[in-house]
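Novice: Numbering (the UniProt record's numbering), first residue to last: 1 to 145.
Dropping a structure here in structure tokens format, bear with me for questions.
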Amino acid sequence: MMSNKTLGALIHADRKLSELAGQAQQLMRLDAAWRRLLPDALAEASQAVCINGDALVVFAANSAVASRLRFMEATLLPRLTEAGYPARVLRIRVAAPLAPRQRENRLKIGETGLAALSAAAETLPDDGLRRALAKFVRHQKARES
């Protein structure tokens, strides 16, 4: 039987889940405050992760972003303290790049296009080019099967 309780009620009913939800909200507020201090490009390429002792830990998308943030540290930390997040040191970690997704080749030549290429191959004066185009058409037809 399905319960009518909301997700929030379920989270708050469990002490551990409630604590975790509160911590997650605090970290999201910290990151939002961090992003408000930065130009858009740097805000998109970095993330405030936590305050560990007196250090603000930030993940940067690459070394160029990390370098720019280090350059801005002296102005960013006082402003972050004013926003309610006191930190004396900025610890920037360059995030490991995600592996690029394998792209699947979804481009397909339709029947009309293959027929036109086949007809064009027959009219070519160069024998090598004619054979190459005919082979390409056969390959494309075999791929679709």
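In this text, a Cβ means the ideal position worked out from N, Cα and C, and glycines have one as well.
Using 8 Å as the threshold, is the stretch 45-64 in touch with the stretch 76-89, meaning 3 or more CB pairs across them?
Specialist: In short, these stretches touch, since the Cβ pair count reaches three.
Novice: In chain order, what residues of the same chain have a beta carbon less than 6 Å from the beta carbon of residue 2, not counting five sequence neighbours either side?
Specialist: In this prediction, residue 2 scores a pLDDT of 48, lower than 50, which makes its location untrustworthy; no coordinate-derived value is stated.
Novice: Suppose contacts are defined by Cβ-Cβ distances below 8 Å. Is residue 80 in contact with residue 33 by that definition?
Specialist: Yes, Cβ-Cβ distance for residue 80 and residue 33 is below 8 Å.
Novice: Run through the DSSP bridge pairs and tell me what residue 124 is partnered with.
Specialist: Paired residue(s): none; residue 124 is not in a bridge.
Novice: Classify residue 9 as buried or exposed, calling it buried when 16 or more other Cβ atoms lie within 10 Å of its own Cβ.
Specialist: Exposed, because fewer than 16 other Cβ atoms sit within 10 Å of the Cβ of residue 9.
Novice: If you run the structure through DSSP and keep just helix, strand and coil, what is residue 88?
Specialist: In the structure shown, residue 88 sits in coil (DSSP, three-state: anything other than H, G, I, E or B).
Novice: Return the first residue and the last residue of the alpha helix (DSSP H) that residue 37 is part of.
Specialist: Per DSSP, residue 37 belongs to no alpha helix (DSSP H) and is neither H nor E.
Novice: Quick one: what does DSSP say residue 24 is sitting in, helix, strand or coil?
Specialist: In this structure, residue 24 counts as helix in the three-state DSSP scheme.
Novice: Three-state secondary structure (DSSP) at residue 48?
Specialist: Strand.
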